[in-house]
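Structure first, then comments.
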Amino acid sequence: KLVYVLNGPNLNLLGRREPGIYGSHTLDDIAALLVERGKDLDCEIEMRQSNHEGHLVDWLHEAQADGAHAVLLNAGAYTHTSVALLDAIRAIEVPVIEVHLSNPHTREEFRHKSWIGMAARGTIAGFGAKSYLLALEAAAGL
Ligand code: DQA
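If you want the UniProt record's numbering, it's the 1-based position in the sequence shown plus 3.
And the structure:
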């Protein structure tokens with residue numbers, strides 16, 4: 004099962020970026036954890052990160068064209084702003100699971116709204132790097 008793991012803006016700085024909120028794992032650490040867990044779950048991981056909204060849109064389309072089983076999407080701040088990502092999720096048939104390291108509902112009010120969540124199959128948030136592993140388990144079971 005091919006699982007795309009798409010990461011949005013500023014997540015390339017993970018590990019150094021506000022570690023009190025996002026933890027000390029880097030995105031490479033998370034990729035390694037996912038690949039390892041993926042072996043047990045029969046999932047192949049395609050891990051990507053971009054600071055550009057359009058790349059994330061293109062990659063959602065690509066996941067569909069590639070016959071991906073599921074997408075895990077941490078859209079970073081685009082979660083709270085991007086109608087384009089909402090439309091892209093609606094435009095594909097591949098189920099998308101929304102992922103966050105932090106729990107946005109405990110944070111500033113502007114983070115309470117998620118455009119991604121309006122079309123996601125489900126959301127996992129608040130467990131740090133483990134959010135990704137929980138989302139992979141959910142994806143494998145779809
Ligand atoms: C985040 C939460 C977003 O509100 C924030 O803009 C991020 C990271 C998370 O994983 O907790 O960049 O998506």
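C-beta: ideal position from N, C-alpha, C; glycine also.
Given 8 Å as the limit, tell me if Gly11 has its C-beta closer than that to any heavy atom belonging to the ligand DQA. yes
Quick one: does the C-beta of Asn15 sit closer than 8 Å to a heavy atom of the ligand DQA? no
Can you tell me the Cα-Cα spacing of Gly144 and Leu5, whole angstroms? 13 Å
Assuming Thr126 and Glu101 are in contact, meaning their beta carbons sit under 8 Å apart, how far apart are those beta carbons, in whole angstroms? 4 Å
Residue range of the alpha helix (DSSP H) that Gly41 falls in? 30-44
Identity of the residue in His115, Ala132, Leu59 nearest Leu30 by Cα: Ala132
Once you ignore the five residues that flank Lys116 on each side, which residues in its own chain have a CB closer than 8 Å to its CB? His83
What whole-angstrom Cβ distance do Leu75 and Tyr135 have, given they're in contact under 8 Å? 6 Å
Closer than 8 Å: Thr109 CB and nearest the ligand DQA heavy atom: no
Comparing C-alpha positions only, which one of Leu104, His103, Asn13 sits nearest to Ser53? Asn13
Taking the Cβ atom as the reference point for each residue, do Glu56 and Tyr7 lie within a distance shorter than 9 Å? no
Identify the residues that DSSP records as bridge partners of Val74: which are they? Tyr7, Val99
Is Leu75 near the ligand DQA, judged by its Cβ being under 8 Å from some heavy atom? no
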